[in-house]
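Protein chains in written order, with the numbering used here: chain A, 1 to 198; chain B, 1001 to 1669; chain C, 2001 to 2336.
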Amino acid sequence: MPHMTDERVRAGLAREEDLSLLNEVSMKTAGVSHLEMCIQCGTCGGSCPVAMDMDHTPRMLFAMLRAGMREEVLRSNTPWICVSCYHCVVRCPQEVHIADVMYTLKGMAIKARLFSDSTAPDFSQTFVDMVETFGRSYELGLASRHYLKHFPLRLPGMMPMGFGMITRGRMALTPRRIKHMDQLKAILDCAKELELTS
Amino acid sequence: MSAQKQERIGVYVCHCGSNIAGAVDVVDLANWAAEKLKHQGVIIARDYKFMCSSLGQELIEKDIRELGLTRVVVAACSPHLHEKTFRIAAQNAGLNPYLVELASIREQVSWVHTDKAVATEKSKAVVAGAVSRVIENIPLEEIKVPINPNTLVVGGGIAGIQSALEIANAGFHVYLVEREPSIGGHMAQFDKTFPTLDCSACILTPRMVEAGTHPNITLLTWSEVENVAGYVGNFTVTIRKKARFVKEDLCTGCGICEEKCPKKVIDEVFEAGLGYRKAVYTPFAQAVPRYPVMDKENCTYFIKGTCKACEKFCPTGAIDFEQKDELIHIDVGNIVLATGYDLFDARRVSNYGYGRLANVFTSLEFERLSNAAGPTNGDIVLRDGKTTPTSVGIIHCVGSRDKNFNNYCSVICCMQGLKFAHLVHERTGATVYNFYIDMRTAYKAYDEFYQRVLDEGTLFVRGKVAEVTNAARYEREKGKLIIQVEDTLAGKQRRIPVDMVILSSGLQPRHDAKEVGKLFGISCSTDGWFTEKHPKLDPVATMTEGIYIAGCAQGPKDIPSSVSQGAAASARVLDKILQREVALEPVKASVDQDACSGCRICNGLCPFNAISFLEDRMVTQINPALCQGCGTCVAACPAGAIHGTGFSDEQIIAQIDGLLLRTLAPVGE
Amino acid sequence: MNRYLLYPGCSMDSSAKAYMESLNSILEPLDLTFEEIDDWNCCGATEYLGINLIPAYSLIARNLALAANQKNRHPETGGTRTVVAPCSACYLNLAKADYYMQERPSLGVKVNEALQAGGLQYKPGTLDVRHLIDILVYDVGLEAIRSKVVRPLHGLRVAPYMGCMLPRPDYQHRWSDHEHPTELDDLLRALGVDVVDYPLTTSCCGGHMTQIGPETAFELIRRLVADADERGAVLMATVCPMCQMNIDAYQNEMNHYFGTDYHMPVLFFTQLMGLAFGREPEELGIGVELVSARNALATIGVEVPVTQEPAGPRKKSEGLPMPRRWTRHEGKETVK
């Protein structure tokens, strides 16, 4: 993933610090985030199994949140790399809901259109589209749509696997649909309204 | 509701700087009291910047003398803080001190309200309540009882030893009770002490010997306090002296029994599980007293009925398998609790692997490992007992500053971690890493020690270690313990392979601190440490008169602080002893024996055992020396036959009327 | 008879159908009745939460509301308030929604407002959300499981892989430990399995990273497989469809990426239970894994019949049905 250029960093620092950011992220997070309690000990960054692929460790991201570096935070690939393994969450000495903060940051980045690589947001969106259409996830549809868009060159390599899955009956060729799609749709429509007003 | 005889009352409103005046209109309050409470007898109401200052007190004293005040209300802070101050002022001016009431308009008003108008109105109600109540107060006299000059010190660690020695040297008798077979506490287990690297045993053992041989100290080891009754100056304490199965008068401490005992047991206490002892043992060479104890659970004779090797070989016939626990009753005037701490159980931090990964050690294990008298004679080696590590990681804050375990900072771990770094470096030449969140080296010569360890080449990594694992990812990690951590200053995750990991575990309250606190009638903080009377100004006294605390029982601390507290507690004890008698608060319950129906409902309720029942007259009686004035029996008595002085029904009802402003003069009067 | 409500989750009838088959095979011997929640929907996995908070929790809560309605359908057996989820991700989402709706009441109110639009409601705390292995270890008990073993799996060296979303964050304190829980080890030992010490038991399998950042996921899979192999395991036992899918289906690609040659089959723990209870491999979905467990099971004399092997990768000229189908449909995509 491309890193921020020096000019951008400088521009970010030249802007006024957005001190509302920390509170905004905290309020948008499910449960009580405890984000303001972070003591920068690095337990999260040390625990993370995928820290090597993140542009900022979670700890550093929290420091940037505090410093009000909105654009840099939302552009970070860190929330998208997070695998939700919750190692950091149970080890955090301050009980910060780290994984849920990552979900919040993803949502904020999508709304602000600030992610620098669309693979992950697109995957999430494709998944959500499937669920909103059928009420269930549909692995074949999901995988094929996603791979075609983002990893067309990987497809030949994937063929034995996909083929194996289908021949072994492990990948349904048609999606399954729930009975009361209308009910689910009504619920989700209402929830989306509420999301906008909250 | 007019008072029957007109009192002459003075009301004094304190600004407490801006503490009260910032949220309450103090001038308005004083004027209001002078005008609206005039009919109750308020003849003067003043406000002043600091009522508790000597000038403020003089103001009250002058009014008592010149205006002939018969009652005083001070509207200021909580009675906890300054009730005594103003009572003494009244006494100086010739007024019975119990005719003074404090109206708390700081803790209960100015500190909890932001709206000045509302706060001022509430202050008026609080003052009106105090004025109505003070009219019903009656003069009381303090009760004086003599103080027993003997002292009980519980816990024979360095804090308890220090405390016992100071009192004994002043010429008073001390009973020093210790649960383990020897005094010495945790300090006896240590190898070196920071920051000067004194040999721990070298500086401790002379004190232990002094305590063991002092004519004014009765040493009771392998003993525990079972019961405490009485009150300051007059405690009666029951101590269980556990059977040692060794006759102390015959034993010479030669050690033959220990040598001949065939049963080897892991020593979980003194050797922290890293070494062995016998079933009959003295925990270490310099133990005081030198008599061994027999561990009944592990002794072959007690398990199988045969063996008695110790008895056969004892040259003085001191072994006694028939010995029983002994209950000893002593009378003391004061008690010092120096019961120490437990080490945090590092197995709870399962990501650090202690108990699962052989070469992860706790701090106490490392103390024994590096101690010349320890299981390896001071060789720092891996758990295989022979390999010298070439790289060692020392992890700070284990179990401390962590909401999953203990919230507080354990104070000693940073310096302890630095000490370990120095010892490892000095004795093995290994590469040493210290992992810390914040380096806390406050106090004299501590930071200089940090500088020294830096200079020796120890590598410091700022970051709380995430995990210690034996799952190697790369060739260079194979066979090692890998410490995974975010180096927060470099902003990168690192995996550092080492041979040995030392966990600088935190300190915890004793597992039974709550029960011990209850036994002595003192409370514990939410963390479990004994609560001091005042965190800054009275750190070794407790809310229970005559009970003092010292050392780690009060909170985590290092050796110099523990010694200081031990000495401070004994100064407080000596102060009490030299007063010869103690004045007890006259706030007591008493039984109107004509009204008592003999139902005995109150009998079992008294927490201080002050109530007894007179079988011949079928009525209840309260011992005023034991009564602490808690009021439990007063509330429980169905016949209303028990009265609490200072809290009579008349006083309480008058105060309620005042608070509801029912006592104000009708308009126009 | 012990009755529970079942939330199977989407993968149980596709990629993890072996899990479902083997699960069904152990219900009767253990006297369990699982009643599927009517018309359940997807839990959103780890994807929905990153898009929209309230819709994500409403999606999950619809299942809770349906289950709560269904909980008293069989009063003659006392009903049940326990929902069993065999998939760790589903378990976590359901449990977390229940917990957060209490921890932050405003979330609970909004989610219920959304549910209302579908004529539903859910009062957090009404149900107990539990994972299958939790039920087996703590309700059924190891003794009862041990008593049903007719073919002890002695000598089968298995790495117990719990995965990450099961023991963490564990707001309900159901597990023995966050890092090294012993439930799976204990259960496998009750079957006679030779359980290897596996320090990575709760490390992550890569989750959705196989889809969005394969290199990242390959490294996580490599760590798991390499350590299990290093410790002499011949197969891994898992409790989660996503873990199974990642390690099984992507193992070849991972090998290709790193130039390694690992062959570490991954079976569901219920498949091993079924074997130990005397069922035959083909009844338990053994054989549909991509990294075949045949050789591993042969070490203890269990023979897996040869299923018809797929003909292997086709030549490029033969065309690839999977992507082509969707190339045609994509333009006509109407649903959004």
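Don't be surprised by glycine CBs; every beta carbon is placed ideally from N, CA and C. The structure displayed is predicted, hence computed values, not measured ones.
Chain-order list of residues whose beta-carbon lies under 8 Å from that of residue i (same chain, five-residue window excluded)
i                  : result
ARG1348 of chain B : GLY1399, PHE1405
LYS2353 of chain C : Residue 2353 of chain C lies beyond the range of chain C shown here (2001 to 2336); nothing can be said about it.
ILE39 of chain A   : PRO93, GLN94
Chain A contact residues for residue i, given Cβ-Cβ distances below 7 Å
i                  : result
TYR2342 of chain C : Because residue 2342 of chain C is not part of the residues shown, which for chain C are 2001 to 2336, the question remains open.
SER2203 of chain C : PRO49
Outcome for residue i when other beta-carbon atoms lying within 10 angstroms are tallied against a minimum of 16
i                  : result
HIS2354 of chain C : Any question about residue 2354 of chain C goes unanswered here, given that chain C covers just 2001 to 2336.
ARG1617 of chain B : exposed
MET207 of chain A  : Residue 207 of chain A lies beyond the residue range present for chain A, which begins at 1 and ends at 198; the question has no answer from this structure.
TYR1436 of chain B : buried
TYR1012 of chain B : buried
TYR1443 of chain B : exposed
TYR2057 of chain C : buried
HIS2256 of chain C : exposed
PHE1172 of chain B : buried
HIS1329 of chain B : exposed
GLY100 of chain A  : For the sequence presented, residue 100 of chain A should be read as Asp rather than Gly. Buried is the call here.
Contact set between residue i and chain C, taken where Cβ atoms lie within less than 8 Å
i                 : result
ILE39 of chain A  : Residues of chain C passing the Cβ test: none, with the nearest at roughly 19 Å.
SER26 of chain A  : Those do not exist, as SER26 of chain A stays about 11 Å from chain C at its closest Cβ, beyond 8 Å.
GLU195 of chain A : ASN2052, LEU2053, ILE2054, PRO2055
Selected residue, minimal CA-CA separation from residue i, among the options
i                  : options                                    : result
GLY1598 of chain B : B:VAL1619, B:GLN1655, B:ILE1043, B:PRO1586 : B:VAL1619
VAL1154 of chain B : B:VAL1269, B:LEU1519, B:LEU1099            : B:LEU1519
ASN1137 of chain B : B:LEU1659, B:MET1294, B:LEU1660, B:ASP1649 : B:ASP1649
MET2162 of chain C : C:PRO2152, C:LEU2184, C:VAL2149            : C:LEU2184
LYS1464 of chain B : A:GLN94, A:SER20, A:PRO156                 : A:GLN94
PRO1097 of chain B : B:THR1252, B:GLU1107, B:GLU1083, B:PHE1608 : B:GLU1083
GLU193 of chain A  : C:GLY2274, C:ARG2189, C:PRO2055, C:LEU2166 : C:PRO2055
SER2022 of chain C : C:LEU2132, C:LEU2092, C:ASP2227            : C:LEU2132
MET130 of chain A  : C:GLU2035, C:ALA2089, C:ALA2045, C:LEU2267 : C:ALA2045
LEU1537 of chain B : B:ALA1568, B:GLY1551, B:PRO1560, B:VAL1072 : B:ALA1568
PHE134 of chain A  : C:LEU2297, C:THR2299, C:PRO2124, C:CYS2042 : C:CYS2042
GLY1517 of chain B : B:VAL1582, B:PRO1215, B:PHE1194, B:THR1542 : B:THR1542
GLY1253 of chain B : B:LYS1192, B:CYS1202, B:ALA1318, B:CYS1016 : B:ALA1318
GLY2274 of chain C : C:ARG2003, C:ILE2026, C:ALA2190, C:LYS2017 : C:ILE2026
Other residues of its chain near residue i: CB distance less than 7 Å, five sequence neighbours each side excluded
i                  : result
CYS1602 of chain B : ILE1611, THR1620, CYS1633, ALA1636, CYS1637, ILE1642
LEU61 of chain A   : VAL73, SER76, THR78
SER1505 of chain B : LEU1343, PHE1344, ALA1346, THR1362, SER1363, VAL1398, GLY1399
7 Å Cβ cut-off: residues of chain C touching residue i
i                  : result
ARG1473 of chain B : ARG2223
ASN1470 of chain B : PRO2199
ALA191 of chain A  : ILE2054, PRO2055, SER2058, ALA2114
ALA112 of chain A  : Chain C residues near ALA112 of chain A: none, gap ~13 Å exceeds 7 Å.
Same chain, Cβ closer than 6 Å to residue i, five either side skipped, listed in chain order
i                  : result
LYS28 of chain A   : THR104
MET2020 of chain C : MET2012
ALA961 of chain B  : Past the edges of chain B, shown from 1001 to 1669, lies residue 961 of chain B, and the structure says nothing about it.
Listed by chain order, chain A residues near residue i by CB distance under 9 Å
i                  : result
HIS2208 of chain C : VAL83, SER84, ALA120, PHE123, SER124, PHE127
GLN1484 of chain B : GLY46, SER47
Partner residues on chain C for residue i, Cβ-Cβ distance less than 9 Å
i                 : result
GLN183 of chain A : ASP2039, ARG2062, ALA2117, GLY2118, GLY2119, LEU2120
Partners in chain B for residue i, counting only beta-carbon separations shorter than 7 Å
i                : result
GLU95 of chain A : LYS1403
Contacts of residue i in chain B (Cβ-Cβ under 8 Å)
i                  : result
HIS2180 of chain C : SER1350, ARG1356
- Selection of the region 69-91 of chain A by Cβ proximity to chain B, strictly under 9 Å: Cβ contacts with chain B come from HIS87, CYS88, VAL90, ARG91.
- Message: At a CB distance below 7 Å, what residues from the region 1389-1415 of chain B approach chain A? Give them in sequence order.
- Response: ARG1401, ASP1402, LYS1403, ASN1404
- Task: Check each residue of the region 38-68 of chain A: if its Cβ is closer than 7 Å to any Cβ of chain C, include it; give the result in chain order.
- Result: PRO49, VAL50, ASP53
- Item | Against chain A: residues of the region 1338-1370 of chain B by CB proximity under 8 Å | ASN1351
- Query: When you check each C-beta in the region 126-145 of chain A against every C-beta of chain C, which residues fall closer than 9 Å?
  - Reply: Listed in sequence order: THR126, PHE127, VAL128, ASP129, MET130, VAL131, GLU132, THR133, PHE134, GLY135, ARG136, SER137, TYR138, GLU139, LEU140, GLY141, LEU142, ALA143, SER144, ARG145.
- Query: Taking any Cβ of chain A, which residues in the region 2274-2305 of chain C have a Cβ under 7 Å from it, in chain order?
  - Reply: VAL2288, LEU2290
- Query: Relative to chain B, which residues along the region 2161-2192 of chain C have a C-beta separation below 8 Å, given in chain order?
  - Reply: ASP2177, HIS2178, GLU2179, HIS2180
- Message: By the 8 Å beta-carbon criterion, what residues does the region 164-181 of chain A contribute toward chain C?
- Response: GLY164, MET165, ILE166, THR167, ARG168, GLY169, ARG170, MET171, ALA172, ARG176, ILE178, LYS179, HIS180
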